[in-house]
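Q:
There are 2 protein chains.
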Amino acid sequence: MSQSVGRALAILPMLAEGPAGLEQVATRLGVHKTTAMRLLRTLHEHGLVYRQDDQRYRLGARLFALAQAAAESLDVREIAHPHLVKLGEVTGHTVHLAVYEDREVMYIDKVDSRYPVRMYSRIGRPVAITVAAVAKLLLADLPEPERRAVAERLEYPMYTPRSTPDAPALLAELAAVREQGWATDFGGHEESINCIGAPIRGADGRTAAACSLSAPNVVVTADELMTLLPQLRRTAAAISDDYSGRVPA
Amino acid sequence: MSQSVGRALAILPMLAEGPAGLEQVATRLGVHKTTAMRLLRTLHEHGLVYRQDDQRYRLGARLFALAQAAAESLDVREIAHPHLVKLGEVTGHTVHLAVYEDREVMYIDKVDSRYPVRMYSRIGRPVAITVAAVAKLLLADLPEPERRAVAERLEYPMYTPRSTPDAPALLAELAAVREQGWATDFGGHEESINCIGAPIRGADGRTAAACSLSAPNVVVTADELMTLLPQLRRTAAAISDDYSGRVPA
DNA sequence: CAGGTTGGTTGCGCAACACGCAACGTGCGT
DNA sequence: ACGCACGTTGCGTGTTGCGCAACCAACCTG
Numbered sequence: 105m106s107q108s109v110g111r112a113l114a115i116l117p118m119l120a121e122g123p124a125g126l127e128q129v130a131t132r133l134g135v136h137k138t139t140a141m142r143l144l145r146t147l148h149e150h151g152l153v154y155r156q157d158d159q160r161y162r163l164g165a166r167l168f169a170l171a172q173a174a175a176e177s178l179d180v181r182e183i184a185h186p187h188l189v190k191l192g193e194v195t196g197h198t199v200h201l202a203v204y205e206d207r208e209v210m211y212i213d214k215v216d217s218r219y220p221v222r223m224y225s226r227i228g229r230p231v232a233i234t235v236a237a238v239a240k241l242l243l244a245d246l247p248e249p250e251r252r253a254v255a256e257r258l259e260y261p262m263y264t265p266r267s268t269p270d271a272p273a274l275l276a277e278l279a280a281v282r283e284q285g286w287a288t289d290f291g292g293h294e295e296s297i298n299c300i301g302a303p304i305r306g307a308d309g310r311t312a313a314a315c316s317l318s319a320p321n322v323v324v325t326a327d328e329l330m331t332l333l334p335q336l337r338r339t340a341a342a343i344s345d346d347y348s349g350r351v352p353a
Numbered sequence: 105m106s107q108s109v110g111r112a113l114a115i116l117p118m119l120a121e122g123p124a125g126l127e128q129v130a131t132r133l134g135v136h137k138t139t140a141m142r143l144l145r146t147l148h149e150h151g152l153v154y155r156q157d158d159q160r161y162r163l164g165a166r167l168f169a170l171a172q173a174a175a176e177s178l179d180v181r182e183i184a185h186p187h188l189v190k191l192g193e194v195t196g197h198t199v200h201l202a203v204y205e206d207r208e209v210m211y212i213d214k215v216d217s218r219y220p221v222r223m224y225s226r227i228g229r230p231v232a233i234t235v236a237a238v239a240k241l242l243l244a245d246l247p248e249p250e251r252r253a254v255a256e257r258l259e260y261p262m263y264t265p266r267s268t269p270d271a272p273a274l275l276a277e278l279a280a281v282r283e284q285g286w287a288t289d290f291g292g293h294e295e296s297i298n299c300i301g302a303p304i305r306g307a308d309g310r311t312a313a314a315c316s317l318s319a320p321n322v323v324v325t326a327d328e329l330m331t332l333l334p335q336l337r338r339t340a341a342a343i344s345d346d347y348s349g350r351v352p353a
């Protein structure tokens, strides 16, 4: 919409791949050096990019502060966190929390059996949206047109033979997930990792977030993991209660 | 430099304080609604802001991804992390890692005795630059003109009676720190918290980062904490070796 | 050491683009 | 049902961001 702003923002993901010099940025943006410079300067003034000693630019530390603030404004996370920690302690497995936002699914919290961690590991990385249990839960609850639109626009990488192959398969699975109120990913992303997920619902009944329990095959079989499903669902329900209570919207 | 980009970027810290509606953003920016809208749209297209159900805007999840990438491009952190973890395990105290960037000091990693955590707690929050041990170390090694300029522009909040009161006091302490090669903060930020820090130097000998060890009074006295100084300095030296070896620049 | 190359910086004229106005929708509260 | 507050759209104007060209500085290379 706004040309210069758009160009400036396009620089950020570029720099996310690694530091780059002025010329490099200019050519990749398809603009004149001088234009790129003005944009970079403005970004620099606002702390979003930093100029390192060799005059190349990289992402700036201000992003930490913004991401931190963004995390704090996601109140689902605040509310869910203690529940997730407890679930992690009890089961000893990895717990994830994810939300859907603008055709993307993002992990926003993670609890390992021993490490309560934010912004770590997969948090901030793109979720395998076609196979992850949390993704299925979040997509399953989208309004029909958007769900279809998203499903059809996705790519379907075959991480493993059990990965969801295409849009029809995904939509079918989403229907099932919607029906049963929970989701699984048995080796669909990594051969040896199984995963079960449950939805967190807001006061309006819509799925506001999803949490999941993951464990490698070598620790527990898929069947054994499934025995934890009731516990996971109880946790999700507890979070839903807290969440819908506190955010009546 | 670039008006529209500057305005757009100014929106981000605004939203960091909490979600805001279009009108709110417009008035705080001092621009017409329609202008604010165009900027917000562009930010939205790039995932930096998200429009929640009530049509208000908040920071978007894409920021997580960018912050993550920013963190990964800070190779000091990568290199230092294992050392910090070890130090945390051995001493049982909290370890911080910080860098200086554009007149600000940022925590970029933290290790608690039990929790290795990134982007958590104070990471991303402004460092108490006038009192923190790591801040003193980083400021102490700035070139004279910049150091003076920074010191004089700072505010000197008296968190406690032991906080650094003004620029001359800070500059005096920086000189001492520079001399001795380590820094302390005994109750200067929070009455009951003591802290010691040591510099991490790059191949050129400049201080590239600083790490610190913090503990509350009730656990160890300042004197006891000081007995860990040699260990802290060894860790910092080890990181420096790794770092200067790997980044000959 | 001269000459070429690469990458960054500055000044300036032109027109594209971003700005704000005004008018239109829309949902909510009274 | 009405009015108000807030978000949205179309459009003319001139500010502002654009690219050109020329200028530096550093680094190779012969």
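So the protein lines, in turn, are chains H and A.
Quick note, the first sequence lines up with residues 105 to 353 if you use this note's numbering.
Quick note, the second sequence lines up with residues 105 to 353 if you use this note's numbering.
Glycine is no exception: its CB is placed at the ideal position from the N, C-alpha and C atoms.
In this text, all values refer to a predicted model and were calculated from it rather than measured experimentally.
#1: I'd like the list of long-range same chain contacts for residue 277 (chain A), defined as Cβ closer than 7 Å, with 5 residues on each side in sequence excluded.
#2: Would you call the region 109-127 of chain A in contact with the region 320-338 of chain H, where contact means no fewer than 3 C-beta pairs closer than 8 Å?
#3: So if I threshold CB-CB distances at 7 Å, which residues from the region 117-145 of chain H count as touching chain A?
#4: Can you tell me whether residue 261 (chain H) is buried or exposed, with buried defined as 16 or more other CB within 10 angstroms of its CB?
#5: Any beta-carbon of chain H closer than 9 Å to the one on residue 206 (chain A)?
#6: Am I right that residue 283 (chain A) and residue 264 (chain A) are in contact with their C-beta atoms under 8 Å? What's the rounded C-beta distance?
#7: If we define contact as Cβ-Cβ less than 9 Å, is residue 159 (chain A) a contact residue for chain H?
#8: Between the Cα of residue 192 (chain A) and the Cα atoms of A:340, A:158, A:253, which residue gives the shortest distance?
#9: Starting from residue 106 (chain H), find everything on chain A with Cβ-Cβ shorter than 8 Å and list it in chain order.
#10: Using the beta-carbon count (16 or more within 10 Å), is residue 296 (chain A) buried or exposed?
#11: Would you please state the rounded distance, in angstroms, between the beta carbons of residue 161 (chain H) and residue 129 (chain H)? I believe it to be under 8 Å.
#12: Given a cut-off of 9 Å on the beta-carbon distance, is the pair residue 299 (chain A) and residue 236 (chain A) in contact?
#13: Using the DSSP secondary-structure output, state which residues sit across from residue 290 (chain H) in a beta bridge.
#14: Taking Cβ-Cβ distances below 8 Å as the criterion, which residues of the region 244-256 of chain H are in contact with chain A?
#15: Hey, how far is the Cα of residue 232 (chain H) from the Cα of residue 214 (chain A)?
#16: Taking only the alpha-carbon atoms, compute the straight-line gap between residue 274 (chain A) and residue 140 (chain A) and give it to the nearest angstrom.
#17: So residue 186 (chain H) is in the alpha helix (DSSP H); what residue range does that whole segment cover?
#18: Is DSSP giving residue 352 (chain H) helix, strand or coil here?
#19: How big is the Cα-Cα spacing for residue 163 (chain H) and residue 230 (chain H)?
#20: With three or more C-beta pairs closer than 8 Å as the rule, is the region 312-319 of chain A touching the region 197-211 of chain A?
#21: Under the three-state reduction of DSSP, which class applies to residue 105 (chain H): helix, strand or coil?
#22: Using DSSP's beta-bridge definition, name the partner residues of residue 201 (chain H).
#23: How about residue 194 (chain H): is its C-beta nearer than 9 Å to some C-beta of chain A?
#24: CB-CB under 7 Å to residue 187 (chain A), same chain, minus the five flanking residues each way: which ones, in chain order?
#25: Across the region 169-178 of chain H and the region 114-123 of chain A, are there enough close Cβ pairs to call them in contact, namely three or more that are closer than 8 Å?
#26: Distance check for residue 320 (chain H) and residue 289 (chain H), CA to CA, integer angstroms please.
#27: Please classify residue 310 (chain A) as buried or exposed, where buried requires at least 16 neighbouring CB atoms within 10 angstroms.
#28: According to DSSP, is residue 236 (chain A) part of a helix, a strand, or is it coil?
#29: Any heavy atom of the ligand FMN closer than 8 Å to the beta-carbon of residue 142 (chain H)?
#30: Run through the DSSP bridge pairs and tell me what residue 208 (chain A) is partnered with.
#31: If you measure from the beta carbon of residue 241 (chain A) to each beta carbon in chain H, is any gap under 9 Å?
#32: Are the C-beta of residue 203 (chain H) and some C-beta of chain A separated by less than 9 Å?
#33: For residue 257 (chain A), is the classification buried or exposed, using 16 other Cβ atoms within 10 angstroms of its Cβ as the cut-off for buried?
A: Checking against the coordinates, here is how it stands:
#1: 240, 268
#2: no
#3: 120, 122, 123, 142, 143, 145
#4: exposed
#5: yes
#6: So it is not a contact: roughly 25 Å between Cβ atoms.
#7: no
#8: A:340
#9: 108, 112, 142, 143, 145, 146
#10: exposed
#11: 7 Å
#12: yes
#13: H:298
#14: none
#15: 29 Å
#16: 42 Å
#17: 179-195
#18: Below a pLDDT of 50, predicted positions are generally treated as unreliable, and residue 352 (chain H), at 41, falls in that range; the measurement from the model is reported next regardless. Residue 352 (chain H) falls in the coil class under three-state DSSP.
#19: 19 Å
#20: yes
#21: coil
#22: H:213, H:315
#23: no
#24: 339, 342, 343
#25: yes
#26: 12 Å
#27: exposed
#28: coil
#29: You won't find the ligand FMN in this model; it holds no ligand whatsoever.
#30: A:205
#31: no
#32: yes
#33: exposed
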